[in-house]
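Protein chains in written order, with UniProt numbering: chain A, 1 to 245; chain B, 1 to 245. Working notes for the structure below.
2 protein chains.
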Amino acid sequence: MKRLKCVVAYDGTDYSGFQVQPEQVTVQGTIEAALQRITSETIQIAGSGRTDAGVHAQGQVFHFDTHSAIPLEKWRFVLNNQLPDSIVILSVEDAHPDFHARFDVVRKQYRYCIDNGSVPELFRHRYADHYRHPLDVECMQEAARYLVGEHDFTSFCSAKTFVEDKVRTIYELKVMREGDLIWIICEGNGFLYNMVRIIAGTLIEVGEGKRDPHDFARILAARDREQAGKTAAAKGLTMWKVLYE
Amino acid sequence: MKRLKCVVAYDGTDYSGFQVQPEQVTVQGTIEAALQRITSETIQIAGSGRTDAGVHAQGQVFHFDTHSAIPLEKWRFVLNNQLPDSIVILSVEDAHPDFHARFDVVRKQYRYCIDNGSVPELFRHRYADHYRHPLDVECMQEAARYLVGEHDFTSFCSAKTFVEDKVRTIYELKVMREGDLIWIICEGNGFLYNMVRIIAGTLIEVGEGKRDPHDFARILAARDREQAGKTAAAKGLTMWKVLYE
């Protein structure tokens with residue numbers, strides 16, 4: 001028996017999120033079905049965390065255990081061969097038997113992509129949310145500074161969550177323009193339910209001039225979801241990378 | 001009554017091609033349904049040419065006639081509002097009543113995209129065909145030179161075609177690498193059925209080392225579809241632009 005660690009990219013558009021759910025097509029379910037065909041074993045994979053329906057990944061991580069004799073260097077090819085084009089295994093490596101894709105996470109990075117062109121860029125239509133009115137990136141960057149550090153992120157968390165401890169640390173929150181695209185890059189030690197999408201949605205309202213950047217201090221202190229802005233659309237969000245020790 | 005000329009981009013993945021077909025979801029049918037909702041008129045649009053199922057466009061052109069009083073500058077927004085994200089109207093302008101999107105074409109440019117990375121780039125998976133073995137772009141470029149100019153392209157045309165005159169002029173055929181992507185850029189006065197995909201498929205065989213670049217002279221002279229290579233996958237092909245006088 002050995003444990004393998006995999007990095008996977010996926011286009012989340014046509015999946016009901018990462019995590020297995022009854023009667024739904026999910027990324028995890030699709031990967032587990034491929035593993036079953038390859039190994040004839042019933043394998044449950046453990047992801048670094050779930051992603052919502054429509055959210056993408058460039059570097060989601062999962063691990064699984066297998067008795068299979070497939071050589072390590074063949075795994076990536078064999079797996080990709082059994083997966084649809086919308087799921088791509090980027091790497092497969094041996095992991096320590098104690099390694100856990102969820103419990104051992106140290107940092108995660110998400111990126112939110114806004115297409116700010118006057119008309120949407122076709123090849124980004126599944127991976128970016130389109131705002132045709134020009135957004136003020138400098139104001140967004142100014143607002144973003146208030147969130148860096150250790151804070152109670154209750155205001156930036158779906159009211160539907162059951163997690164008690166809402167203190168998280170954001171190490172980096174950058175807003176940058178790259179041609180017509182605006183990227184919100186957010187790295188932290190963990191994220192609450194819908195946290196990055198609510199941060200993105202509230203930053204967009206600052207970019208539109210509907211909110212003052214300094215409003216972010218008040219929103220954070222209020223610990224009230226109602227004070228923050230809308231939850232930005234799932235399709236603009238990509239789990240970019242997961243970092244371990 | 002006035003005639004409008006539109007430039008449209010679309011992600012062809014989920015459409016049965018551009019042209020209306022009974023019982024199928026097509027780009028043309030989707031645009032005509034949107035026009036009907038907007039104007040309450042029954043409008044038939046005329047495209048610059050059809051594209052096959054799965055083929056994309058960055059700059060397809062069509063025209064239509066309408067009695068609608070919608071101001072010209074509102075049209076793009078109104079149309080995009082009624083269209084799915086996979087179809088984007090880039091511009092709408094007044095056209096001369098004699099303008100015809102198909103008959104007045106002077107040049108067309110197609111681009112074929114190959115993802116030549118060791119693993120596919122996720123955000124390109126719908127718009128590029130993936131070859132993980134490195135292709136020799138210089139050899140492909142050398143082969144491409146044989147096709148520039150006026151030639152009988154019978155060898156690079158689907159045997160299923162009914163067109164009699166297979167002489168076309170290619171003004172430009174470039175093969176260029178951009179990071180892991182290889183672009184085949186092909187501009188000509190007209191294209192036969194599957195012509196760009198057969199050219200791309202045959203160039204790929206040169207890039208793989210399975211064919212000599214100079215083989216292209218023989219293939220062209222043979223006027224026999226069997227002498228050329230495979231038809232490359234539809235998803236890598238994009239109708240890039242259509243030029244008028």
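In this text, a Cβ means the ideal position worked out from N, Cα and C, and glycines have one as well.
Look up B:Gln227 in the DSSP assignment and say whether it is helix, strand or coil. The residue you call residue 227 of chain B lines up with position 227 of the second sequence. Of the three classes helix, strand and coil, the one that applies to B:Gln227 here is helix, per DSSP.
Return yes when the Cβ of B:Phe216 is within less than 9 Å of the Cβ of B:Thr238, no when it is not. Locating residue 238 of chain B in the second sequence gives position 238, counting from the first residue. Locating residue 216 of chain B in the second sequence gives position 216, counting from the first residue. Not in contact: B:Thr238 and B:Phe216 (Cβ atoms no closer than 9 Å).
So, at 8 Å on beta carbons, what are the nonlocal neighbours of A:Asp224 in its own chain, with the 5 sequence-adjacent residues on each side left out? Residue mapping note: residue 224 of chain A aligns to position 224 of the first sequence, counting from 1. Cβ neighbours of A:Asp224 beyond the five flanking positions: Thr154, Ser155.
Determine the burial state of B:Ser48: buried for a count of at least 16 other Cβ atoms within 10 Å of its Cβ, exposed for fewer. Counted from its first residue, the second sequence places residue 48 of chain B at position 48. Of the residues assessed, B:Ser48 falls on the buried side of the cut-off, its CB having 16 or more other CB atoms within 10 angstroms.
Nonlocal neighbours in the same chain, by C-beta distance under 6 Å from B:Arg211, ignoring five residues either side: Within the second sequence, the letter at position 211 stands for residue 211 of chain B. Here the set comprises Glu205.
Give every residue of the same chain whose Cβ lies closer than 6 Å to the Cβ of B:Phe18, excluding the five residues on either side of it in the sequence, and list them in chain order. The residue labelled residue 18 of chain B in the question sits at position 18 within the second sequence. Only Val27, Gln28, Gly47, Arg50, Thr51 meet the Cβ criterion.
For the alpha helix (DSSP H) containing residue 247 of chain A, list its first residue and its last residue. Coverage of chain A is limited to positions 1 through 245, which leaves residue 247 of chain A absent and any answer about it impossible.
Under 9 Å between C-beta atoms, does A:Ala9 make it to chain B? Taking the first sequence and counting its residues from 1, one reaches residue 9 of chain A at position 9. In terms of beta-carbon proximity, A:Ala9 lines the interface with chain B, with at least one pair separated by less than 9 Å.
Are there 16 or more other CB atoms within 10 angstroms of the CB of B:Asn80, so buried, or fewer, so exposed? Here the question's residue 80 of chain B lines up with position 80 in the second sequence. Buried, since its Cβ has 16 or more Cβ neighbours within 10 Å.
Proximity below 9 Å, CB of A:Glu208 to CB of A:Glu187: Taking the first residue of the first sequence as 1, we reach residue 208 of chain A at position 208. Taking the first residue of the first sequence as 1, we reach residue 187 of chain A at position 187. Between A:Glu208 and A:Glu187, the C-beta gap is not smaller than 9 Å, which leaves the two residues out of contact.
Return the bridge partner residues of A:Tyr171 from the DSSP annotation. On the first sequence, position 171 is the one that residue 171 of chain A refers to. Beta-bridge partners assigned by DSSP to A:Tyr171: none are found.
Bridge partners of B:Thr66, per DSSP? As a working mapping, residue 66 of chain B is identified with position 66 in the second sequence. B:Lys2, per the DSSP bridge assignment.
Members of the stretch 112-127 of chain A near chain B, C-beta cut-off 7 Å: Within the stretch 112-127 of chain A, the qualifying residues are Val119, Pro120, Leu122, Phe123, His125, Tyr127.
Helix, strand or coil for B:Ile198 per DSSP? Taking the first residue of the second sequence as 1, we reach residue 198 of chain B at position 198. Helix.
Within 10 Å of its beta-carbon, does A:Gln36 have 16 or more other beta-carbons around it, so buried, or fewer, so exposed? Within the first sequence, residue 36 of chain A is the residue found at index 36, counting from 1. Residue environment analysis places A:Gln36 among the exposed positions, since fewer than 16 neighbouring C-beta atoms fall within 10 angstroms of its C-beta.
Taking just the CA atoms, how far does A:Gly117 sit from A:Pro134? Position 134 of the first sequence holds residue 134 of chain A. Position 117 of the first sequence holds residue 117 of chain A. Rounded to the nearest angstrom, the two C-alpha atoms are 8 Å apart.
When you compare each of B:Pro22, B:Val61, B:Arg3, B:Glu41 to B:Val242 by their alpha carbons, which one comes out closest? Position 242 of the second sequence, counted from the first residue, corresponds to residue 242 of chain B. When only C-alpha atoms are compared, the closest one is B:Val61.
Between B:Leu72 and chain A, is there a C-beta pair that is closer than 9 Å? As a position in the second sequence, residue 72 of chain B is number 72, starting the count at 1. No, B:Leu72 lies away from the interface with chain A (no Cβ there is under 9 Å from its Cβ).
So the candidates are A:Arg177, A:Trp183, A:Thr169, A:Ala143; which of them puts its Cα closest to the Cα of A:Val106? Here residue 106 of chain A corresponds to residue number 106 of the first sequence, with the count starting at 1. With distances taken between Cα atoms, A:Val106 lies closest to A:Thr169.
Using a C-beta to C-beta distance shorter than 9 Å, which residues of chain B count as neighbours of A:Ser86? Here residue 86 of chain A refers to the residue found at position 86 when the first sequence is read from its first residue. Simply Leu122, His125, Arg126.
Anticipated Cβ contact below 8 Å, A:Ile31 with A:Ile87, distance rounded: Locating residue 31 of chain A in the first sequence gives position 31, counting from the first residue. Locating residue 87 of chain A in the first sequence gives position 87, counting from the first residue. With a Cβ gap of about 7 Å, A:Ile31 and A:Ile87 count as contacting.
Is the CB of B:Asn194 under 9 Å away from at least one CB in chain A? Translated into the one-based positions of the second sequence, residue 194 of chain B becomes position 194. For B:Asn194, the answer is no, since every Cβ of chain A falls outside 9 Å of its Cβ.
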